[in-house]
Amino acid sequence: MDGKSALGAPPSLRELCDSQRIALFLDFDGTLIDIAATPDGIDLPARLGDRLFALSERLGGRLALVSGRSISNLQDHIGSLRVARAGSHGAARQRADGSLIGQEPTGLPQAVYDALRDFSAEQGFEMESKAHGAALHFRSNPSLEKTGLEFAEQVAHSHELAIKRGKCVIELVRPGADKGGAVRAFMEEQPFVGALPIFIGDDVTDEDGFSGVADKGGFGIIVGDREKTLARYRLSNPEKVHEWLEL
Ligand SMILES: O=P(O)(O)OC[C@H]1O[C@H](O[C@H]2O[C@H](CO)[C@@H](O)[C@H](O)[C@H]2O)[C@H](O)[C@@H](O)[C@@H]1O
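Number 151 in numbering that gives the first Met the number 0 belongs to position 152 of the sequence shown; there are no gaps in the numbering.
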């Protein structure tokens, strides 16, 4: 679908909740918070964790954060999480009480972190080491994209890893997991099972989430502009997302 011109705002959350049981899947960067110059340079709205918990309570616990960040990194920024969450692009999944859904994923080989660190220092990328992956950020110099992608492809090939793309970032991860898989895993369990799922996200990896909710009869909401998207509706920025969620 042509996301830029065709998509309108979704019906209000209240309207949707009046007619059915809703489950919400929320991306973090670019959706709940504005994109910043660096991964740690983000500004969070006051008491975001408390507000997400209150929204989750209103939805009977059917709310999950689904982020490319690790769960521990989300907690470093938001504080202790009391809602369901998936980190590392869906590879790590926890219920609201912190119990695991599936196995805890393994990290990358140390040689990959070392190679990316050396490459970043030489070439001017900002490297982000994550629990289950590693990212090359080039927001401060977008002309680095091609060099970074070529290097990441070599490393991925040597270590049988997958590449995920995002906004000014190239990430190396273990193959197999995505945000759609996380949605499907939550939707098989209480309190999510049987609800109408809605995924809100802004980036390429969120398209897997849109596909996951569509498989279960739900729909996606894209934040900002994308040329092509599986989302059915659009909100223009994180501020509008907060308004829509009545956070
Ligand atoms: O799935 P998300 O929750 O949206 O996480 C995706 C990646 O977000 C972060 O990087 C992005 O946001 C940074 C802060 O605004 C920005 O500086 C960077 O350019 C963006 O790519 C995070 O650092 C990554 O680990 C996430 O995978």
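Here a beta-carbon is modelled for each residue, glycine too, at the ideal position from N, C-alpha and C.
Since the structure is predicted, the reported quantities are computational estimates derived from the model, not experimental observations.
#1: Rounding to the nearest angstrom, what Cα-Cα distance links Ala95 and Ala181 in this structure?
#2: For a test of the three-state rule: what should DSSP assign to Val192, helix, strand or coil?
#3: Could you check which residue in Val212, Glu188, Val168 and Asp201 has the C-alpha nearest to that of Arg92?
#4: Any chance the CB of His136 is under 7 angstroms from a heavy atom of ligand 1?
#5: So for Gly2, helix, strand or coil by DSSP?
#6: Here's a check: name, in chain order, each residue in its chain whose Cβ is nearer than 6 angstroms to the Cβ of Gly211, leaving out the five neighbours to either side.
#7: So, Ala213 versus Leu229, is the Cβ gap smaller than 8 angstroms?
#8: Can you tell me whether Pro196 is buried or exposed? The criterion is at least 16 other CB atoms within 10 Å of its CB, across all chains shown.
#9: Taking buried to mean at least 16 other C-beta atoms within 10 Å of its own C-beta, is Leu31 buried or exposed?
#10: Taking the C-alpha atoms as reference points, what is the distance between Leu25 and His136?
#11: Specify, as a first and last residue, the run of the alpha helix (DSSP H) that Phe24 falls within.
#12: DSSP state of Arg183, grouped into three classes?
#13: From what residue to what residue does the beta strand (DSSP E) around Ile41 run?
#14: With 16 other CB atoms within 10 Å as the buried threshold, where does Ala8 fall?
#15: How is Arg164 classed by DSSP in three states: helix, strand or coil?
#16: Grab me the residues of Leu6's own chain with a C-beta within less than 6 angstroms of its C-beta, minus the 5 sequence neighbours each way, in chain order.
According to the structure shown:
#1: One-based indexing of the sequence shown puts residue 95 at position 96. One-based indexing of the sequence shown puts residue 181 at position 182. Straight-line Cα distance between these residues: approximately 14 angstroms.
#2: Position 193 of the sequence shown, counting from 1, holds the residue named residue 192. Reduced to three states, the DSSP call for Val192 is coil.
#3: Looking up residue 92 in the sequence shown gives position 93. The candidate whose alpha carbon is nearest that of Arg92 is Glu188.
#4: Within the sequence shown, the letter at position 137 stands for residue 136. Indeed, a heavy atom of ligand 1 lies less than 7 angstroms from the Cβ.
#5: As a working mapping, residue 2 is identified with position 3 in the sequence shown. Low confidence applies here, because Gly2 scores a pLDDT of 44, under 50, leaving its location unreliable and the question unanswered by this model.
#6: Translated into the one-based positions of the sequence shown, residue 211 becomes position 212. So the list reads Gly179, Val182 and Arg183, once near-sequence residues are dropped.
#7: In the sequence shown, the residue the question calls residue 213 occupies position 214. In the sequence shown, the residue the question calls residue 229 occupies position 230. A contact, by the Cβ cut-off of 8 angstroms.
#8: Within the sequence shown, the letter at position 197 stands for residue 196. By the neighbour-count rule (16 or more Cβ atoms within 10 Å), Pro196 is buried.
#9: Position 32 of the sequence shown, counted from the start, is the residue given in the question as residue 31. It is buried - the Cβ of Leu31 has at least 16 other Cβ atoms within 10 Å.
#10: By 1-based counting over the sequence shown, the position of residue 25 is 26. By 1-based counting over the sequence shown, the position of residue 136 is 137. Computed Cα separation, rounded: 22 angstroms.
#11: Walking along the sequence shown from the start, residue 24 turns up at place 25. No alpha helix (DSSP H) holds Phe24; the beta strand (DSSP E) holding it covers Ile21 to Leu25.
#12: Locating residue 183 in the sequence shown gives position 184, counting from the first residue. In this structure, Arg183 counts as helix in the three-state DSSP scheme.
#13: By 1-based counting over the sequence shown, the position of residue 41 is 42. Premise fails: Ile41 is in no beta strand (DSSP E) and is neither H nor E.
#14: Within the sequence shown, the letter at position 9 stands for residue 8. By the neighbour-count rule (16 or more Cβ atoms within 10 Å), Ala8 is not buried but exposed.
#15: Looking up residue 164 in the sequence shown gives position 165. In this structure, Arg164 counts as strand in the three-state DSSP scheme.
#16: As a first step, residue 6 must be located in the sequence shown, where it is residue number 7. Once the five neighbours on either side are set aside, the close Cβ partners of Leu6 are Tyr232 and Arg233.
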